[in-house]
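K.L.:
Protein chains in written order, with the working numbering: chain A, 97 to 509; chain B, 97 to 509. This is the structure I have questions about; it appears just below.
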């Protein structure tokens, strides 16, 4: 198969650079990918397949960096959207979907008594820290060094435009290092409002790390012993590992948890869920936006949850992720290439051990895959969806076998 | 006509309170309205008319607090949405709509060379201050005391959860008081990154104020003299006063301007536009969100701009707003009630002079109007849309005449 060409993507990107800072900014900028091997613009999607503006088709393992969890144009979701959109979307107040979705989320989430809605993951992660501060009357929030909890100034990975004051009340520990958390809490005794942590470590540019035995339960105990609010950032993993929240998988229950991404299959919605004890404080921290109560994304969310539940979507993502993992690991062995496979099956990541921090082999590998119809990412975890099929995985493995060969050819074993 | 009942709204609100902090939080909470006189939940909309969950119909002068600018279910917008949605919405990268919309906005906005997109007004207002800081290497942002530029901690009107550090780099002047700005800039000489200001003063709970002669040009000169970035917050007024930005109406051109609300007729989109000199800094300040590049709201925005342009929507909103104003002012006079009408015709506000800061008469007035099918707000500016008709205004004036009578009956003249 001839490698893909990106003529239209490149022409559009040239136009984009004239009228948009950087052409495409943020996590979707092509600058983080393999130059010349990826499209910059997409045209359409169906299930787990996407087509770029040049007409090239991909089996997609980024799922729009998470949101697409039951596939593009999922029939149940689109039908719910059409039905809601025919009545209207954005009003002076919510629709009944607001109540129905909050009730639904509370009913499937063992720890939670309430839900609040917004648009971005950043919205809910930032607001959760404010609720923790207001509830405790204390200023400091602990987070794992290098973790991503949104693009706001207190946590953005890029320091341009960030002031020292933006981070004056953030303190840092190391993921999977309980002693480092205990130390920072001790150093800030009486000032700790809470902590925010992802269910597993999925920092971009690094191998993922599942929580080691006793870590999250230890975190829970530190919070309990110090009356700190435990915020689980489930923006990336939520609704891919467990319908009741990723804490259920790892045996921990937070006080607040944040969702976005997979919550509505690409329709713009984020949520924070919480325990009854924090409900009053949550009602008192101002939280609003022009589209926070819009009905279409909530209808999409209800249908997405239905689809995941009735089709066993969580289990399917796990099984297909395992098939992908087993296939690619066997290929790596057959090419005598040392790779590290990390993360849970539904959100896996693979790196090349000889790459160190550079991702050179991974950029070649993922670039080769992209040019032949399989969309992976060289420095960000991947996403399975419930729309992937065993046939997709088989076809993917044909492409990745050639990509491993290309790495072997250029870098040796 | 019998006053509306809100049985279903009340039942839903009771359910909401169980599973959502405050039931409905933020600017749409019924707590800011007239108890017993407003619905809490909506079911559908068409043009300038909306129906609540009890089936009560309203001529709507809040337009979802701004977003609905060409009417609910506008044919051109919905057709563009359907067409885009059939291809897909949320991908690993933008679609061509990203480029087309940026080009379109730049082409209609005299001051601007580029556009960046997000989801909330808060997103773009906060990011604009960060771009100003990064571009100038200086920390301080000036804003008008009491102004609303989003729900983030540096500017939220409610202090719960806000830390002193969140506002350490914000300094305050008074709207329409140039000397107060000059003073604060002098006090912070060498530290001022920029200022953020709305094209007219539209703080909730107050009469609106148009900029006095020389104020905005004076603000522009202060920015130029001190190499400060002029950020125009056009989130509320944008695309209702002028297609080229509200600065065009008031004779001032900013360096950055922020949009949300009317930009896509209720589809979730916000934007920041800027001058070439700030483009590099803008590309360097991290800005991203799960749905920032989604195509459907951009297709909706292109169609909304088409609709406004081809139907003379801006002029229509002005004319209808004048008709509403003239009618209501005549009614107030006939009832011998002193009112203050403020703001531009497309975003008017009316208060009762005898109310002082309390809004008691206005709550009764707007409550009576709501219970009889006209949706106004007692403490927030109103919004005309291009879907309103002269017949809507005539019907509205029948209702408001009775509402004035109710005020006269309860409060006297």
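C-beta atoms are modelled at their ideal positions from N, C-alpha and C, and glycine is treated no differently.
With a Cβ-Cβ cutoff of 7 Å, do residue 388(B) and residue 158(B) count as a contact?
P.N.:
Not closer than 7 Å, so no.
K.L.:
Check for me: the beta strand (DSSP E) holding residue 133(A) runs from which residue to which?
P.N.:
No beta strand (DSSP E) holds residue 133(A); DSSP gives it neither H nor E.
K.L.:
Quick one: complete alpha helix (DSSP H) runs, 4+ long, within the region 203-270 of chain B?
P.N.:
DSSP runs (the alpha helix (DSSP H)) wholly in the region 203-270 of chain B: 217-232.
K.L.:
Counting only C-beta atoms, is residue 180(B) closer than 7 Å to chain A at any point?
P.N.:
Output row for residue 180(B): interface = no.
K.L.:
Rounded to a whole number of angstroms, what is the C-alpha to C-alpha distance between residue 491(B) and residue 237(B)?
P.N.:
Near 45 Å, if we compare the C-alpha coordinates of residue 237(B) and residue 491(B).
K.L.:
Using 10 angstroms around the beta-carbon of residue 53(B), count the other beta-carbons present and answer buried if the total reaches 16, otherwise exposed.
P.N.:
A question about residue 53(B) goes unanswered here, because the residues of chain B that appear run from 97 up to 509.
K.L.:
Among residues of its own chain, excluding the 5 on either side of residue 507(A), which ones have a beta-carbon nearer than 6 Å to its beta-carbon?
P.N.:
Result list for residue 507(A): 457, in chain order.
K.L.:
Using a C-beta to C-beta distance shorter than 7 Å, which residues of chain A count as neighbours of residue 210(B)?
P.N.:
Neighbours of residue 210(B) on chain A, chain order: 115, 116 and 117.
K.L.:
Indicate whether residue 252(B) and residue 341(B) have their beta-carbon atoms separated by less than 7 Å.
P.N.:
Not closer than 7 Å, so no.
K.L.:
In the DSSP output, what is residue 140(B) paired with across the bridge?
P.N.:
Per DSSP, 147(B).
K.L.:
Looking only at C-alpha atoms, which of 435(A), 459(A) and 454(A) sits nearest to residue 448(A)?
P.N.:
That would be 435(A), whose Cα lies nearest to the Cα of residue 448(A).
K.L.:
What residue range is occupied by the uninterrupted alpha helix (DSSP H) comprising residue 384(B)?
P.N.:
First-last for residue 384(B): undefined, no H or E at that position.
K.L.:
Between the Cα of residue 271(A) and those of 384(A), 186(A), 407(A) and 308(A), spot the shortest distance and give me the residue it belongs to.
P.N.:
Comparing Cα-Cα distances from residue 271(A) to each of 384(A), 186(A), 407(A) and 308(A), the minimum goes to 308(A).
K.L.:
Taking the alpha carbon of residue 311(B) as the point to measure from, which residue in 291(B), 275(B), 323(B) and 337(B) has its own alpha carbon closest?
P.N.:
Per the Cα distances, 275(B).
K.L.:
How should residue 277(B) be labelled, buried or exposed, when 16 other C-beta atoms within 10 angstroms of its C-beta is the threshold for buried?
P.N.:
Residue 277(B) comes out buried.
K.L.:
Can you grab the Cα-Cα spacing for the pair residue 244(B) / residue 279(A), in whole Å?
P.N.:
Straight-line Cα distance between these residues: approximately 40 Å.
K.L.:
Checking contacts by CB at 7 Å: is residue 386(B) closer than that to chain A?
P.N.:
It does: the Cβ of residue 386(B) has a partner Cβ on chain A nearer than 7 Å.
K.L.:
Please compile the residues from chain B whose C-beta is within a distance smaller than 9 Å of the C-beta of residue 219(A).
P.N.:
The contacting residues are 215, 216, 218, 219, 247 and 385.
K.L.:
Below 9 Å between beta carbons is the criterion; list the residues of the region 346-358 of chain B that meet it against any residue of chain A, in chain order.
P.N.:
Per Cβ criterion, the list reads 356 and 357.
K.L.:
Suppose the cutoff is 8 Å on Cβ atoms and the five residues either side in sequence are ignored; what does the same chain contact list for residue 111(B) look like?
P.N.:
Correct list: empty, nothing qualifies.
K.L.:
Look at the alpha carbon of residue 141(B) and the alpha carbon of residue 183(A), and state the distance between them as a whole number of angstroms.
P.N.:
When rounded, the distance between both Cα atoms is 6 Å.
K.L.:
Please list, in chain order, the chain A residues whose beta carbon lies closer than 8 Å to that of residue 158(B).
P.N.:
Here the neighbours are 188.
K.L.:
On the three-state DSSP scale, how would you describe residue 367(A)?
P.N.:
Strand.
K.L.:
Measuring CA to CA, which of 360(A), 477(A) and 282(A) is closest to residue 305(A)?
P.N.:
The option with the nearest alpha carbon to residue 305(A) is 477(A).
K.L.:
Answer with yes or no whether the minimum CB distance from residue 298(B) to chain A is below 7 Å.
P.N.:
It does not: the Cβ of residue 298(B) has no partner Cβ on chain A nearer than 7 Å.
K.L.:
Give the interface partners of residue 89(A) over in chain B, defined as CB-CB distance under 8 Å, in chain order.
P.N.:
Absent from the structure is residue 89(A), since the part of chain A shown begins at 97 and ends at 509.
K.L.:
In terms of residues, what are the limits of the beta strand (DSSP E) holding residue 446(A)?
P.N.:
Note, residue 446(A): beta strand (DSSP E), 445-448.
K.L.:
Quick one: Cα of residue 318(B) to Cα of residue 164(B), how far?
P.N.:
One C-alpha to the other measures close to 35 Å.
K.L.:
Can you list the residues of chain B that residue 259(A) reaches, using a CB-CB cut of under 7 Å?
P.N.:
Near residue 259(A) (Cβ distances below 7 Å), the residues of chain B are 229, 235 and 265.
K.L.:
Closest by CA to residue 284(A), which one among 430(A), 230(A), 344(A) and 264(A)?
P.N.:
Here the closest residue by C-alpha is 264(A).
K.L.:
Measure how close the beta-carbons of residue 128(A) and residue 475(A) come, nearest whole angstrom, since I'm counting them as under 8 Å.
P.N.:
Contact flag correct, Cβ pair sits at about 6 Å.
K.L.:
Tell me which same chain residues have a C-beta within less than 6 Å of the C-beta of residue 249(A), skipping the five on either side of it?
P.N.:
258 and 262.
K.L.:
Just the C-alpha distance for residue 231(A) and residue 364(A), rounded to the nearest angstrom, thanks.
P.N.:
So the alpha carbons of these two residues sit roughly 28 Å apart.
K.L.:
Looking at the secondary structure, which residues open and close the beta strand (DSSP E) in which residue 435(A) lies?
P.N.:
That run of the beta strand (DSSP E) goes 435-438.
K.L.:
In chain order, what residues of the same chain have a beta carbon less than 6 Å from the beta carbon of residue 470(A), not counting five sequence neighbours either side?
P.N.:
The residues are 155, 492 and 495.
K.L.:
For residue 247(A) versus residue 368(A), is the C-beta spacing smaller than 7 Å?
P.N.:
No.
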